[in-house]
Ligand SMILES: Cc1ncc(COP(=O)(O)O)c(C=O)c1O
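Numbering (the numbering used here), first residue to last: 16 to 387.
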């Protein structure tokens, strides 16, 4: 542990010594140091009130580390159940009017499409922006917005194609509007820099390149958006008011932590973030991009329809190709001890800190036999 060079040794991870793991976009392995983190959590938990206080101290430290990854401040960060509920927390804060609209690419993630689609019953128009081939063009999203647009949702890295989207221009365009820009960093956190400072809200799952477990992160960029009152509230998100049913919302993002944050998940994520910080996000993104580029080239050589952009600055940790029997492909590869991810008519191959050139070569060498 603590070594600075990539690729990282497989022995830093649990359960991948004898396999080629190219499925981090779906489920990465956990770190061996997570075993100690669990032990630490269990020992603190056994200590009653003082141990519980230590849980919260650790959560605070994790918020701080996440803020670094998101380019935001510690007070902007909350730990929640999952990314999907984070999207709904933002939507719950808006006083919807008939005729309002929301914008999302038709190629973007299911939770965003469903959460926005759910607003139709309030008379909100959902503007599903058509994709251009497999590519999301931020100009198309920009052009879909008008003075009735209240929310725009976009994944920093697209879950289907792996496209990394630089949101700088879009962010600038939306800055002075009343659009709440929700960035989903689920496939970005832990592998490329997250542009959380350029969105109003950022949500992320923790269980992909962040190397945590199934929990979520919510960020409220208070330097960009001042007013945010989620519809929900609970003991943890507010302090007592004058009467028993009065309360004051906590300042900052803690107002979306209605109850306990996931303490065990925080102990694990704490280790994951330290581990990733040992390398630094720039080094990680260069390595992942280099590996993905090699995968993309190999897929192309095999005549496959690659749906990931080829330019390095438009990729992150995933490379994907269209394929009509993805589950079959995944199963065949797994029989050889090679893990990839496949659904929705495409196969996704991921590269992360532990991915080696040899892993990629072996995968590409075996690939033709999984196609037929
Ligand atoms: C972009 C994106 N957002 C959210 C999720 C789901 O995360 P969660 O289960 O934390 O809601 C995924 C899962 O693949 C995803 O790709």
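Don't be surprised by glycine CBs; every beta carbon is placed ideally from N, CA and C. Just so it is clear, the structure is predicted and the values come from calculations on it, not from any experiment.
| query | result |
| --- | --- |
| Nearest-angstrom Cβ-Cβ length linking residue 201 and residue 183, presumed shorter than 8 Å | Wrong, their Cβ atoms sit about 20 Å apart, outside the cutoff. |
| Cβ-based neighbour list, residue 262, same chain, cut-off 7 Å, excluding 5 preceding and 5 following | 248, 253, 254, 255 and 256 |
| Where residue 72 falls, given that 16 or more other Cβ within 10 Å makes a residue buried | exposed |
| For residue 243 and residue 214, believed in contact at Cβ under 8 Å, the rounded distance | At roughly 13 Å, the Cβ-Cβ gap does not stay under 8 Å, so residue 214 and residue 243 are not in contact. |
| The stretch 224-243 contacting the stretch 281-297, beta-carbon criterion three pairs below 8 Å | yes |
| Reference residue 347; option with closest CA among 362, 334, 335 and 333 | 362 |
| Pairwise C-alpha distance: residue 47 and residue 53 | 11 Å |
| Contact test: residue 358 Cβ vs ligand 1 heavy atom, cutoff 7 Å | no |
| At least 3 beta-carbon pairs within less than 8 Å: the stretch 340-360 vs the stretch 312-326 | no |
| Where the beta strand (DSSP E) containing residue 251 begins and where it ends | Note, residue 251: premise wrong, no beta strand (DSSP E); not H, not E. |
| Distance CB(residue 106)-CB(residue 134) smaller than 8 Å | yes |
| Supposed close pair residue 207, residue 172 - CB separation, criterion 8 Å | 7 Å |
| The stretch 108-117 touching the stretch 140-150, judged by at least three CB pairs closer than 8 Å | yes |
| Residues that residue 325 bridges to, as DSSP identifies them | According to DSSP, which records beta bridges pairwise, residue 325 is partnered with nothing at all. |
| Which of helix, strand or coil DSSP assigns to residue 297 | helix |
| Beta-bridge pairing of residue 320 - partner residues as DSSP gives them | None; residue 320 has no bridge partner. |
| Where residue 371 falls: helix, strand or coil (DSSP) | coil |
| CA-to-CA distance, residue 368 to residue 292, given in whole angstroms | 12 Å |
| Contiguous alpha helix (DSSP H) assignments of at least 4 residues, all confined to the stretch 49-130 | 49-60, 63-85 and 98-107 |
| Distance between beta carbons of residue 321 and residue 311, contact taken as under 8 Å | 6 Å |
| Local conformation of residue 140 per DSSP, three classes | strand |
| Whole-angstrom C-beta distance between residue 364 and residue 378, which should lie under 8 Å | 7 Å |
| Paired residues, beta bridge with residue 149 - DSSP | Answer is none; residue 149 lacks a bridge partner. |
| Collapsed DSSP secondary structure at residue 285 in the structure displayed | helix |
| Residue 20 CB to nearest heavy atom of ligand 1 below 7 Å | no |
| Close beta carbons around residue 186, own chain, < 6 Å, minus the five adjacent residues each side | 213 |
| Inter-residue CB distance, residue 383 and residue 317 (contact presumed, cutoff 8 Å) | 6 Å |
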